[in-house]
Amino acid sequence: MTVRHMDSYLIPTLEKHDTMEAIEKVEQSSRQQPTLFLVDLDAMDIHEESAVGYIQTDSSTCCSTRLDDTRHLVRFISKITRDLNTLPNYVPLVVCSSNDDTERMLDCIHAGATDYLLKPLYPNVIKTLFLKLHASQAPITTRTSDKKTVQKDLHDRINDMSSKDLHLTKIMMDVYGSPATSRTYPTLTKKRSSELKSKVCSWDFSPFGLSESELVHCVYLVFDQVLKLPELYHISITQAQLYDFILDLASVYHDENPYHNFAHAVDVLQCLFYMLCELGVLPFTNKFLQRNKPQALLRPKDVFALLIAAIGHDAAHPGVNNMFLINSANPLATLYNDRSVLESLHSVTLFQLLNKHGIDRLVGDPKSDAYKDFRKTVVSSILATDMSLHNEYVTKIQQQAMRFSSPSTTLKNDEAEERQLICSALIKCADISNVARPFHWSTQWAELLVKEFINQGDLEKELGMPVLPMNDRSKVVLEDSQIGFIRFVALGLFQNVSKVLAEISFAVDQMQINLSRWESQKKQEQNEEEFEVISNSSTTKMMMVETGVKRSGSALDHPTKRVSLEKFAASHTVDEYESDTPAYCQCTIQ
1 MTVRHMDSYL
11 IPTLEKHDTM
21 EAIEKVEQSS
31 RQQPTLFLVD
41 LDAMDIHEES
51 AVGYIQTDSS
61 TCCSTRLDDT
71 RHLVRFISKI
81 TRDLNTLPNY
91 VPLVVCSSND
101 DTERMLDCIH
111 AGATDYLLKP
121 LYPNVIKTLF
131 LKLHASQAPI
141 TTRTSDKKTV
151 QKDLHDRIND
161 MSSKDLHLTK
171 IMMDVYGSPA
181 TSRTYPTLTK
191 KRSSELKSKV
201 CSWDFSPFGL
211 SESELVHCVY
221 LVFDQVLKLP
231 ELYHISITQA
241 QLYDFILDLA
251 SVYHDENPYH
261 NFAHAVDVLQ
271 CLFYMLCELG
281 VLPFTNKFLQ
291 RNKPQALLRP
301 KDVFALLIAA
311 IGHDAAHPGV
321 NNMFLINSAN
331 PLATLYNDRS
341 VLESLHSVTL
351 FQLLNKHGID
361 RLVGDPKSDA
371 YKDFRKTVVS
381 SILATDMSLH
391 NEYVTKIQQQ
401 AMRFSSPSTT
411 LKNDEAEERQ
421 LICSALIKCA
431 DISNVARPFH
441 WSTQWAELLV
451 KEFINQGDLE
461 KELGMPVLPM
471 NDRSKVVLED
481 SQIGFIRFVA
491 LGLFQNVSKV
501 LAEISFAVDQ
511 MQINLSRWES
521 QKKQEQNEEE
531 FEVISNSSTT
541 KMMMVETGVK
551 RSGSALDHPT
561 KRVSLEKFAA
571 SHTVDEYESD
581 TPAYCQCTIQ
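Read in order, the letters of the sequence shown are residues 1 to 590 in the UniProt record's numbering.
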């Protein structure tokens, strides 16, 4: 059989056409019975007028770019696949190109293409492709029983579900993640790299002032060190593979978010790394792990999973909370049944990237216990960061502390459950550790969080939704928000966790110092307000006496002074009044 004999089976290849002609070709196929739909990617252009209707049907923003732009390429293929799926007969999409970039090929397959052929198209390749398609569509005559038919149908249906799931997760990445950016590996001097190593090993760590390349390198330093543990040698991730994963993960965080961005993820990762060093779980300090302590339950593979969860725990965060998504009937809330909506999105996004870079498969085969344990630890840890479950977790940790204080309790009792609860406790502490950092960093984190809250509040007002006081820019008070959060949320968590893991009590000490600072600051503000009111009142009375005017009291005589974000915008200097926290864990990062 020669290539020309394929004409009756193929829709004409899309060559030197724009996307509007692609639409016409799909429409033509509804009147034919084609075998496949072949697209030559090298010859395709996306024009501004066609991109709006064909590539970005859900957006008012139009882009005029070449098709080799990954994001637009994926959307293009996804759109054609969806249109082909409306045809009465199954018509697979096959793309061809001279571009042999592996990642580009995978992007095309994940977007819905059945196959990716490298040009030039040799006759033998076409024949093989034809035979595969013909065999897949030919009626099966070897079925000997209805039972086998049912099994085959079930097998096909499950495979089809798996294929669609890949498309779904890819689409979610495109919709909720940030646009793809160019990849550049961090190029740092030896001096700067050494400085970052010191920062990573300090409780005084802060991502403020670090470039994205430096943030990426901080993440690399942590994982490069942990993966050198003998127990993790089987996870043989290359330097390039690790950097590619971190860069991809960084790209799905939204830099526009004041708080929930990649810098926050790096901060949470560093906090966990520091705490694990202080606990003696990671052997990079002068601390030694005592086998009779609860932290001895954590194995190196648990630590790796926990750190993976930390860096991806807010992946693709949109900048609004779960309540907003639920109240606005967002599709994500519908998808996840209004339960841990964002946390489920973060987990899906993270595992999509782990799978893309083959890191999850390095842990173990999906059917293996090693992989199941890894996935359970990562997912459970991320879900634990849902603040609507906060009190429930604090109660569990409190009960765990009581169990471990009992002489009859050993670490072998319900080992797996106790281990997972410790992981959940640690990531929860790390997630809100801003309030336990030195005060000069804690205040900056507070500003950013309040800014993100009031941004949501502004959007809620615009949409006619109810607005909580903490999201209302006319009502929020920075000091009050921090005092309330520390007293009623953070302090109880850290105190109970420190009963289980005594080595992190330094964070409780620093938090109490910060609480005192916020209370002193609020008192000072109140004194200034009272002085201002008295001064204004005296001046008003003098004016009344002079003019003979009487005036009754008013609420305006006692204005509530709001603390503006700009007040703290200036750089903070390190205050000498800080906790005697072990500032450096003395880790020996090489």
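Every residue gets a Cβ at the ideal spot worked out from N, C-alpha and C, and that includes glycine.
From a predicted model like this one, the values you see are computed outputs, not experimental measurements.
Top-ranked residue by Cα proximity to cysteine 423, from Val379, Glu519, Gln239 and Arg192:
Val379
Based on DSSP bridge pairs, tell me the residues matched to tyrosine 116.
Val95
Would you tell me roughly how many angstroms separate the C-alpha atoms of phenylalanine 284 and proline 300, rounded to the nearest one?
13 Å
Spatial distance of threonine 349 from serine 505 (CA atoms):
33 Å
Which word fits histidine 155, buried or exposed, when buried means at least 16 other C-beta atoms lie within 10 angstroms of its C-beta?
exposed
So which of His217, Ile171, Phe262 and Asn455 has the shortest CA-CA distance to leucine 188?
His217
If you reduce the DSSP assignment to three classes, tell me which class proline 139 lands in.
Reliability of the predicted coordinates at proline 139 is poor, the pLDDT of 47 falling under 50, and the value obtained from them is presented with this limitation in mind. In this structure, proline 139 counts as coil in the three-state DSSP scheme.
Can you list, in chain order, the residues of its chain with a C-beta nearer than 7 Å to that of serine 442? Leave out the 5 residues immediately preceding and following it.
Asn434, Val435 and Asn514
Would leucine 279 and leucine 421 be called neighbours here (beta carbons separated by less than 8 Å)?
no
Own chain partners of phenylalanine 208 with C-beta closer than 8 Å, once the 5 adjacent residues on each side are dropped:
Ala263, Trp441 and Gln444
CA-to-CA distance, asparagine 321 to serine 198, given in whole angstroms:
34 Å
Buried or exposed: lysine 561, going by 16 or more other Cβ atoms within 10 Å of its Cβ?
At lysine 561 the pLDDT is 38, less than 50, meaning the model places this residue with poor confidence; the figure from the coordinates comes in the next sentence. The residue is exposed, with fewer than 16 neighbouring Cβ atoms inside 10 Å.
Since valine 175 and valine 95 should fall inside the 8 Å C-beta cutoff, what is the C-beta to C-beta distance between them, to a whole number of angstroms?
So it is not a contact: roughly 22 Å between Cβ atoms.
Kindly list the residues whose CB is nearer than 6 Å to the CB of serine 564, restricted to its own chain and excluding five residues on each side of it in sequence; keep chain order.
With a pLDDT of 38 at serine 564, under the threshold of 50, the predicted position of this residue should be treated as unreliable, though the coordinate-derived value follows. Hits under 6 Å: none found.
Give every residue of the same chain whose Cβ lies closer than 8 Å to the Cβ of serine 328, excluding the five residues on either side of it in the sequence, and list them in chain order.
Leu463 and Met465
Measuring CB to CB, does leucine 353 end up less than 8 Å from leucine 215?
no
With a 10 Å radius around its C-beta and 16 neighbouring C-beta atoms as the bar for buried, classify glutamate 343 as buried or exposed.
buried
By the 10 Å Cβ neighbour count, where 16 or more other Cβ atoms means buried, how is histidine 234 classified, buried or exposed?
exposed
Inter-residue Cα distance where the pair is tyrosine 116 and valine 91:
15 Å
Check whether glycine 492 and valine 363 have beta carbons under 8 Å apart
no
Every unbroken alpha helix (DSSP H) inside the region 402-444 [4 residues or more]:
415-431
Quick one: Cα of residue 602 to Cα of leucine 106, how far?
Nothing about residue 602 can be read from this structure; the chain reaches only from 1 to 590.
In angstroms, rounded to a whole number, what distance separates the CA positions of glycine 319 and lysine 356?
25 Å
Within this structure, are the beta carbons of isoleucine 326 and leucine 269 separated by less than 8 Å?
no
Distance between asparagine 471 and phenylalanine 453 (C-alpha atoms, nearest Å)
5 Å
7 Å CB neighbourhood of leucine 121 in its chain, flanking five on each side removed
Cys96
Reference residue 599; option with closest CA among His254, Asp244 and Val226:
The structure shown does not extend to residue 599, since the chain is modelled only from 1 to 590, so the question has no answer here.
Taking 8 Å as the cut-off, decide whether the C-beta atoms of asparagine 496 and alanine 401 are in contact.
yes
With DSSP as the reference, label serine 202 as helix, strand or coil.
strand
Return the Cβ separation of histidine 313 and alanine 265 in integer angstroms, given the expectation that the two are a contact with Cβ distance under 8 Å.
7 Å
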